[in-house]
Amino acid sequence: MVEFIIFFIRYIPFWCVPVILICMPFAYVFWLKDVRILTYCFTLISAVAFFLIVFWVWSGGPDLAVQFFFEGVRNY
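Residues 0 to 75, numbered by numbering that gives the first Met the number 0, are exactly what the sequence shown covers, in order.
Have a look at this one:
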């Protein structure tokens with residue numbers, strides 16, 4: 000399980016960018032069709048992916064993001 004978390008955090012940009020590129024057009028389409036709940040869901044998923052990319056850049060890249068995450072969990 001730890002290896003999965005390390006992989007998940009280390010490669011945030013490689014899965015978050017496609018998530019944003021997939022979810023935002025769906026959010027737009029559902030917004031045009033007046034299906035607000037799906038619009039909000041896809042927009043929320045895109046926002047979470049964006050903030051994960053910001054966290055990854057802010058923490059200093061792949062290795063430091065993993066280290067920062069595990070230090071935060073250990074100190075919690």
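Idealized CB from N, CA, C, for every residue including glycine.
The structure displayed is predicted, hence computed values, not measured ones.
Exercise. Using DSSP with H/G/I as helix, E/B as strand and the rest coil, what is V56?
Worked result: Working through the sequence shown from its first residue, we reach residue 56 at position 57. Helix.
Exercise. What distance in whole Å lies between the Cβ atoms of W55 and P17, which are believed to be in contact at a cut-off of 8 Å?
Worked result: In the sequence shown, the residue the question calls residue 17 occupies position 18. In the sequence shown, the residue the question calls residue 55 occupies position 56. Actually they do not touch by this definition, with Cβ atoms about 15 Å apart.
Problem set entry | DSSP three-state assignment for Y39, whether helix, strand or coil | Along the sequence shown, one-based indexing puts residue 39 at 40. Three-state DSSP puts Y39 in a helix.
For this session: Taking 8 Å as the cut-off, decide whether the C-beta atoms of V65 and I8 are in contact.
Result: Mapped onto the sequence shown, residue 65 falls at position 66. Mapped onto the sequence shown, residue 8 falls at position 9. Yes. Within cutoff.
Problem set entry | Bounding residues of the alpha helix (DSSP H) (the contiguous stretch that carries Y27) | The residue given as residue 27 occupies position 28 in the sequence shown. Per DSSP, Y27 belongs to the alpha helix (DSSP H) from I11 to L31.
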